[in-house]
Amino acid sequence: MHSHPALTRMLSMVVFILLWQAAVMLFTPDLLPAPYAVLTNLMGHVDSGELPHHLTITLRRIAISFLCAMLLGSLLGLVIGHFKRLDLWLDSVVTLALNVPALVTIILCFIWFGLNETAALIAVIVNKTP
């Protein structure tokens, strides 16, 4: 039997929406809104320009953070690769830093820097620096 990945994915989405609609009958709309209500609300935010505005801000944050992380990671890699003694000193630190969960990094940045744009950017930069 041949598999059809696109059809399987589409079918899984349909099943998910049907299960969601069935679950709506068990809860109040405040707790679990219906799929149609969510779609209507989403379209309202798109039409008002609110969603595209916030999406643009988020994409800007992502671009800045990833650019900074790649530049910092490349610079650190070049320096550590050039100085073997520094590599010996920082190898364990880099390994440890790469294994800190993203959520921990985010929470610590918000505790240390407050709930602001700078903390959000630093959290992503620190987490994504290779």
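Going by this note's numbering, the letters in the sequence shown line up with residues 1 to 130, in that order.
C-beta atoms are modelled at their ideal positions from N, C-alpha and C, and glycine is treated no differently.
The structure displayed is predicted, hence computed values, not measured ones.
Assumed close pair residue i, residue j - CB separation to whole angstroms, cut-off 8 Å
i, j, result
"L121", "I80", "Rounded, the Cβ-Cβ distance is 23 Å, inconsistent with contact."
"T118", "L72", "Their Cβ separation, rounded to whole angstroms, is 15 Å, which puts T118 and L72 out of contact at 8 Å."
"I125", "A69", "5 Å"
Start and end residues, alpha helix (DSSP H) containing residue i
i, result
"H4", "That residue, H4, is in no alpha helix (DSSP H); it is neither H nor E in DSSP."
"P131", "Beyond the ends of the chain as shown, which are 1 and 130, falls residue 131; an answer cannot be given."
"N127", "E117 to K128"
"A215", "It is not possible to answer for residue 215, since the shown part of the chain is limited to 1 through 130."
Local conformation of residue i per DSSP, three classes
i, result
"D87", "helix"
"L39", "helix"
"A194", "No statement about residue 194 is possible, as the shown extent of the chain runs from 1 to 130 and does not include it."
"L98", "helix"
"T28", "coil"
CB contact below 8 Å: residue i versus chain B
i, result
"R61", "The structure shown contains no chain B; it holds only a single protein chain."
Quick check: the stretch 30–41 against the stretch 84–98, are at least 3 beta-carbon pairs closer than 8 Å?
Put simply, the stretch 84–98 does not touch the stretch 30–41. Fewer than three CB pairs are less than 8 Å apart.
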